[in-house]
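Trainee:
Residue numbers (full-length UniProt numbering): 1 to 160.
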């Protein structure tokens, strides 16, 4: 059996990632998350730099207690990436994404190994990481499922 060669993050990540701007209204963000059936989204500034994440729970309950390095950034923690309920998207929510987003960005580079991505997820207790380039521009997202697929398809790990 040969030594396995594990892929890079860029080889298994999802390239097309839905993102919102910091000045997006909470009402618009809630509607977009509900329409896309996602639990949250990266927040990018006008220059395309990732500056945080916003989750459905940030929008639905913006006054909730936040703690720790990540606050309660449910976006990173939800295993499937989907949430079934966002509350009523027709309820008007005042304010902008900037006011409720989590400014901590858990990220990895596209040229990093999936092994490093997996280690980071385990150490942080999360199920996904944003993939950003050297300029902090959003390049994609990698999930636990992407990493498992990368391990299973790694050359040198074929069944005998």
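Where a beta carbon is used, it is the ideal one built from N, C-alpha and C, also for glycine.
What does the alpha-carbon distance come out to for the pair residue 74 and residue 114?
Mentor: Counted from its first residue, the chain shown places residue 74 at position 74. Counted from its first residue, the chain shown places residue 114 at position 114. Low local confidence applies: a pLDDT of 48 at residue 74 is under 50, so the model's placement there is unreliable, and no value is given.
Trainee: What I want to know is whether the C-beta of residue 128 ends up closer than 7 angstroms to one or more non-hydrogen atoms of the ligand PLP.
Mentor: This structure does not include the ligand PLP; it has no bound ligands of any sort.
Trainee: Pick helix, strand or coil for residue 150, following the three-state DSSP scheme.
Mentor: Translated into positions along the chain shown, residue 150 becomes position 150. In this structure, residue 150 counts as helix in the three-state DSSP scheme.
Trainee: Per DSSP, residue 49 forms a beta bridge with which residues?
Mentor: Start at 1 with the first residue of the chain shown, and residue 49 comes out as number 49. Beta-bridge pairing links residue 49 to 137.
Trainee: So residue 7 and residue 154 are in contact, right, with Cβ under 8 angstroms, and what is the actual spacing, rounded?
Mentor: To locate residue 7, count along the chain shown from 1; it is residue 7. To locate residue 154, count along the chain shown from 1; it is residue 154. Contact flag correct, Cβ pair sits at about 7 angstroms.
Trainee: According to DSSP, is residue 39 helix, strand or coil?
Mentor: What you label residue 39 is simply residue 39 of the chain shown in a count that begins at 1. Looking at residue 39 - three-state DSSP - the assignment turns out to be coil, as it is neither helix nor strand.
Trainee: Report all residues from its chain with a CB closer than 8 angstroms to the CB of residue 45; omit the five preceding and five following residues, and keep chain order.
Mentor: For the purposes of this step, residue 45 is identified with residue 45 of the chain shown, where counting begins at 1. Around residue 45: 21, 22, 51.
Trainee: Return the Cβ separation of residue 107 and residue 130 in integer angstroms, given the expectation that the two are a contact with Cβ distance under 8 angstroms.
Mentor: Within the chain shown, the letter at position 107 stands for residue 107. Within the chain shown, the letter at position 130 stands for residue 130. Contact flag correct, Cβ pair sits at about 4 angstroms.
Trainee: Let me know the secondary structure DSSP gives residue 54 once reduced to three states.
Mentor: On the chain shown, residue 54 is found 54 positions in, with the first residue counted as 1. Residue 54 falls in the strand class under three-state DSSP.
Trainee: For the beta strand (DSSP E) containing residue 132, name the first residue and the last one.
Mentor: As a first step, residue 132 is located in the chain shown; it is residue number 132 there, counting from the start. Run containing residue 132: 128-132, per the beta strand (DSSP E) assignment.
Trainee: Three or more C-beta pairs closer than 8 angstroms, one from the region 139-155 and one from the region 118-127: is that the case here?
Mentor: A contact exists between the region 139-155 and the region 118-127.
Trainee: Between the alpha carbons of residue 122 and residue 47, how many angstroms are there, rounded?
Mentor: Within the chain shown, residue 122 is the residue found at index 122, counting from 1. Within the chain shown, residue 47 is the residue found at index 47, counting from 1. Distance between the alpha carbons of residue 122 and residue 47: 31 angstroms.
Trainee: Is the beta carbon of residue 19 closer than 8 angstroms to that of residue 39?
Mentor: Translated into the one-based positions of the chain shown, residue 39 becomes position 39. Translated into the one-based positions of the chain shown, residue 19 becomes position 19. Against a cut-off of 8 angstroms, the Cβ pair of residue 19 and residue 39 comes out as no contact.
Trainee: Going by the CB atoms, is the gap between residue 60 and residue 101 shorter than 8 angstroms?
Mentor: By one-based count along the chain shown, residue 101 stands at place 101. By one-based count along the chain shown, residue 60 stands at place 60. No, Cβ-Cβ distance for residue 101 and residue 60 is not below 8 angstroms.
Trainee: Distance check for residue 143 and residue 35, CA to CA, integer angstroms please.
Mentor: By one-based count along the chain shown, residue 35 stands at place 35. By one-based count along the chain shown, residue 143 stands at place 143. Near 21 angstroms, if we compare the C-alpha coordinates of residue 143 and residue 35.
Trainee: Could you round the C-beta distance between residue 49 and residue 137 to whole angstroms and report it? I think they count as a contact, below 8 angstroms.
Mentor: Numbered from 1 along the chain shown, position 49 holds the residue referred to as residue 49. Numbered from 1 along the chain shown, position 137 holds the residue referred to as residue 137. Contact holds; Cβ gap of about 6 angstroms.
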